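Mapping the sequence shown onto full-length UniProt numbering, position 56 (from 1) lands on 56, and the numbers just tick up by one.
Heads up, the beta-carbon is just placed ideally off N, CA and C, and yes, glycines get one too.
Quick caveat, the model's predicted, so the values are computed rather than measured.
Quick notes on the structure that follows.
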Amino acid sequence: MIRFALIVASVLGFALTAAVGNLLVPLLRALVPPEKENGPAPKPGQPEEQPPEPPAPRGLPTMGGLCFIIGTLAAVGVGWAVVCMIQPELLGGGLTGRLMLGLGGGFLLGAAGLADDLARLRPRQVLGLRTGVRLALEALAAAVTVGALWLGGCMPTGLTLPILGYCELGAAAAPLWAAMLLALAESVRLAGSADGAAAGAAFVAMLGLMGAETILGFFPLAVLPAALAGALMAFLLWNFYPARLLPGAVGCLFLAGAVGGIPLSIGRGDLALVLGLPFWAEGLAALLQGVWRRFRGRPLFKAGSLDAWLRKKGGPVSAFYVFCALALAGVLAALRTAQL
Numbered sequence: 001m002i003r004f005a006l007i008v009a010s011v012l013g014f015a016l017t018a019a020v021g022n023l024l025v026p027l028l029r030a031l032v033p034p035e036k037e038n039g040p041a042p043k044p045g046q047p048e049e050q051p052p053e054p055p056a057p058r059g060l061p062t063m064g065g066l067c068f069i070i071g072t073l074a075a076v077g078v079g080w081a082v083v084c085m086i087q088p089e090l091l092g093g094g095l096t097g098r099l100m101l102g103l104g105g106g107f108l109l110g111a112a113g114l115a116d117d118l119a120r121l122r123p124r125q126v127l128g129l130r131t132g133v134r135l136a137l138e139a140l141a142a143a144v145t146v147g148a149l150w151l152g153g154c155m156p157t158g159l160t161l162p163i164l165g166y167c168e169l170g171a172a173a174a175p176l177w178a179a180m181l182l183a184l185a186e187s188v189r190l191a192g193s194a195d196g197a198a199a200g201a202a203f204v205a206m207l208g209l210m211g212a213e214t215i216l217g218f219f220p221l222a223v224l225p226a227a228l229a230g231a232l233m234a235f236l237l238w239n240f241y242p243a244r245l246l247p248g249a250v251g252c253l254f255l256a257g258a259v260g261g262i263p264l265s266i267g268r269g270d271l272a273l274v275l276g277l278p279f280w281a282e283g284l285a286a287l288l289q290g291v292w293r294r295f296r297g298r299p300l301f302k303a304g305s306l307d308a309w310l311r312k313k314g315g316p317v318s319a320f321y322v323f324c325a326l327a328l329a330g331v332l333a334a335l336r337t338a339q340l
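Following this line, the structure appears as structure tokens:
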């Protein structure tokens, strides 16, 4: 019967996100500043006929993540109510706390992303918050998430490695998980500009989380990834190439909080390390680019980022498929890790 609750959550996530999207897309499109609709002005000496850098989709409306956030929240509420009707002993129990902690991590990071998106609406802050301020907000959200997990008795104090087995982290566990959430947030944010890449990879990761929670005995908690998977499927109707809506920082950071926070809420933070494989690849490419530019004075990758390189080589659709393939590899690794 729990499977019925998962189906309800997934279908509701899809339907509610589609409905909310139809209402929010015109509003979000109206919020795009005129200078972003027309693209940035050409640099001095650049001919007018040349396309501005970077090209579209910079003129697309952002903050589309609000669509699947609202849809997920409502679907989880209904889905968990159905679960508790089937198994009343779960109401008010430890699993309810774990569900709230997993959902709370996404909302905390999403709130930091929303502040960045709202700052971009101001004419003089089209690039959003300053880097230091943005990182401080994300670090605060990650720290509060880990602190809540610790107070709730859910924070893992170790992780399982394929060869070494279970490794105890001790006092280093809390700062390690907070740093992981912060790094994951920045990595997902970098991938959010590609058409469907972040949403598609997170959709595959949510399917993997459903399987991992089933293996680990947290089957009722799979209502959260089920609801988010359905919501992301609906969001891809706007975000798949050619994208008409971008998730924005609020959507990307919410996804980072879900991919990182849900495994932490069930005491298996090691799952987040493999489920975020496509995002880690994006973040690593950006890190190498920055280090190489700093010490060598020139970029390591001409395309600038992993998703830009994939779009240049095979087009936006190929980049989407590569991110989903990496996510699928991460899911297989997560399922194997859950069995250890």
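Assigned secondary structure, residue i (DSSP; H/G/I helix, E/B strand, else coil)
| i | result |
| --- | --- |
| P44 | Model confidence at P44 stands at a pLDDT of 48, short of 50, so the residue's coordinates are unreliable and nothing is read from them. |
| G314 | helix |
| residue 353 | Examination of residue 353 is not possible in this model, given that the chain is present from 1 through 340 alone. |
| M100 | helix |
| D195 | coil |
| C154 | coil |
| P52 | Bear in mind that a pLDDT of 35 at P52, under 50, signals an unreliable position, so the model cannot answer this. |
| S265 | helix |
| A333 | helix |
| Q339 | helix |
| G71 | helix |
| V204 | helix |
| F219 | helix |
| L109 | helix |
| L253 | helix |
| L181 | helix |
| S305 | coil |
| L91 | coil |
| L273 | helix |
| L300 | coil |
| L149 | helix |
| L328 | helix |
| L121 | coil |
Residue interval of the alpha helix (DSSP H) (run including residue i)
| i | result |
| --- | --- |
| F166 | Just to set this straight, residue 166 is Tyr in the shown sequence, not Phe. From DSSP, Y166 is part of no alpha helix (DSSP H) but of the beta strand (DSSP E) over 165 to 168. |
| T62 | That residue, T62, is in no alpha helix (DSSP H); it is neither H nor E in DSSP. |
| L159 | From DSSP, L159 is part of no alpha helix (DSSP H) but of the beta strand (DSSP E) over 158 to 161. |
| L12 | 2 to 30 |
| A172 | Element bounds for A172: n/a, residue is neither H nor E. |
| G283 | 277 to 296 |
| G128 | Element bounds for G128: n/a, residue is neither H nor E. |
| residue 341 | In the structure as shown, the chain begins at 1 and stops at 340. Residue 341 is therefore absent and cannot be evaluated. |
Beta-carbon proximity list for residue i, same chain, < 7 Å, skipping 5 on both sides
| i | result |
| --- | --- |
| M63 | L28, D117, G248, V250 |
| E53 | Confidence at E53 is low in this model, with a pLDDT of 34, below 50, so the placement of that residue is unreliable and no value is reported for it. |
| F14 | G230, A231, M233, A234 |
| V76 | A9, L103, V223, L224, A227 |
| V204 | C324, A327, L328, V331 |
Within 8 Å, strictly: CB atoms of residue i and residue j
| i | j | result |
| --- | --- | --- |
| E186 | G283 | yes |
| L277 | A327 | yes |
| P242 | D195 | yes |
| L271 | A334 | yes |
| residue 342 | L209 | The structure shown does not extend to residue 342, since the chain is modelled only from 1 through 340, so no value can be given for it. |
| S305 | A329 | no |
| F279 | A212 | no |
| L66 | L23 | no |
| V146 | L255 | no |
| A141 | L184 | no |
| L95 | L6 | no |
| residue 341 | L16 | This structure gives no information on residue 341, because the portion of the chain shown stretches from 1 to 340. |
Nearest neighbour of residue i, chosen from the options [CA to CA]
| i | options | result |
| --- | --- | --- |
| L245 | F68, V8, G13 | F68 |
| A227 | D307, I262, N239 | I262 |
| C154 | M85, G105, T72, A325 | G105 |
| A179 | G132, G260, L236 | G260 |
| Q87 | F219, I266, A212, G152 | F219 |
| V11 | V223, R336, L275, F320 | V223 |
| G128 | L114, G21, L140 | L114 |
| residue 397 | G267, R336, C324 | No answer is possible for residue 397: it lies beyond the span of the chain, which begins at 1 and ends at 340. |
| R134 | G147, R120, T145 | R120 |
| G97 | A142, L149, L73 | L149 |
| F240 | A174, G147, G315, M1 | G315 |
Residue i at chain B interface by Cβ criterion, 8 Å
| i | result |
| --- | --- |
| M63 | In summary, chain B is missing from the structure at hand, where a single protein chain is found. |
8 Å Cβ shell around residue i - same chain, five flanking residues per side excluded
| i | result |
| --- | --- |
| L207 | P225, A229, V331 |
| Y321 | none |
| F4 | V82, I86 |
Any non-hydrogen atom of the ligand PLP closer than 7 Å to residue i Cβ
| i | result |
| --- | --- |
| L264 | No copy of the ligand PLP appears in this structure; indeed no ligand is present at all. |
Residues near residue i in its chain [Cβ-Cβ closer than 6 Å; skip 5 each side]
| i | result |
| --- | --- |
| G192 | A198, P247, C252 |
| L300 | L288, Q289, W292 |
| L91 | C84 |
| I70 | V20 |
| A338 | A212, I215, L216 |
| A143 | A178 |
| L273 | none |
| W80 | V223 |
| Y166 | G158, T160 |
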